[in-house]
Amino acid sequence: MSRATALDGEGVVSTVWGLDAPHTVEELGEAMLALQHLIRWSNHATLNAPRTVLPDAENVATVTRRLGDALGGLPQLLDQLAGRCDGMAEDPALRAAQWNGPDDPRRAASSAAAELRAVSAVAGALRERIQRAASAMTTIYLDDEDGR
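Taking numbering that gives the first Met the number 0, the leading residue of the sequence shown gets 0, the next gets one more, and so forth.
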């Protein structure tokens, strides 16, 4: 089933969330949930009808490049989350959330920051590899009409 109107990803985000502050914790949470659903949607789209959704190498290259572009902002987000964890680790009001929580909540926050920074470093390399894959797909094509 096709949509009656063309989708504009940037327009959808601007309409629903907007880029200008102020932002809320609820909006950020919903944006992350939307990201989760977009990835799930993409998994379904490429699983059930890959030849229909991705009929040729150029389409694969475009989707792959856009995925790489999306991941380009991931290191910044992860570093900013790590920075917030660092800030919490320095806050004397930090406490364990449960009675059996960590003995040292500050160490837990610092550990979370370190993990986020480690993922940030890997995310940059992940984006580069995805972009190389997209570039490789731009150098080939299928020499038939139905994309097999």
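Note that beta-carbon positions come from the ideal geometry of N, C-alpha and C, so glycine has one too.
Residue nearest to residue i in terms of C-alpha spacing, selected from the options
{"i": "Glu-150", "options": "Pro-74, Ala-69, Leu-27, Ala-20", "result": "This structure leaves residue 150 out entirely; the chain is present only between 0 and 147."}
{"i": "Thr-137", "options": "Val-59, Asp-19, Thr-14", "result": "Val-59"}
{"i": "Glu-29", "options": "Val-12, Arg-65, Ala-48, Ala-20", "result": "Val-12"}
{"i": "Arg-65", "options": "Ser-41, Arg-50, Gln-75", "result": "Ser-41"}
{"i": "Arg-116", "options": "Leu-32, Ile-38, Gln-75", "result": "Gln-75"}
{"i": "Ala-90", "options": "Gln-97, Trp-98, Asn-99, Asp-103", "result": "Note that residue 90 corresponds to Asp in the displayed sequence, not to Ala. Among Gln-97, Trp-98, Asn-99, Asp-103, the Cα nearest to that of Asp-90 belongs to Asp-103."}
Residue i - DSSP class collapsed to helix/strand/coil
{"i": "Ala-112", "result": "helix"}
{"i": "Thr-45", "result": "helix"}
{"i": "Pro-21", "result": "coil"}
{"i": "Arg-128", "result": "helix"}
{"i": "Leu-93", "result": "coil"}
{"i": "Ala-133", "result": "helix"}
{"i": "Met-0", "result": "Any reading at Met-0 must be qualified, since the residue scores a pLDDT of 46, below 50, and its modelled position is unreliable; the value itself is stated next. Three-state result, Met-0: coil."}
{"i": "Asp-78", "result": "helix"}
{"i": "Trp-98", "result": "coil"}
{"i": "Ile-139", "result": "coil"}
{"i": "Leu-53", "result": "coil"}
{"i": "Asp-85", "result": "helix"}
{"i": "Ala-120", "result": "helix"}
{"i": "Ala-5", "result": "coil"}
Proximity below 8 angstroms, CB of residue i to CB of residue j
{"i": "Thr-156", "j": "Ala-107", "result": "Any property of residue 156 remains undetermined from this structure, which presents the chain solely from 0 to 147."}
{"i": "Leu-93", "j": "Met-87", "result": "yes"}
{"i": "Ala-122", "j": "Cys-84", "result": "no"}
{"i": "Ala-56", "j": "Ile-129", "result": "no"}
{"i": "Leu-77", "j": "Ser-110", "result": "no"}
{"i": "Thr-45", "j": "Leu-53", "result": "yes"}
{"i": "Gly-82", "j": "Arg-126", "result": "no"}
{"i": "Trp-16", "j": "Glu-25", "result": "no"}
Residue i, enclosing alpha helix (DSSP H) - first and last residue
{"i": "Leu-70", "result": "56-71"}
{"i": "Gly-8", "result": "8-15"}
Interface flag, residue i vs chain B, CB-CB below 8 angstroms
{"i": "Ser-13", "result": "Structure shown: chain B not included; a single protein chain is present."}
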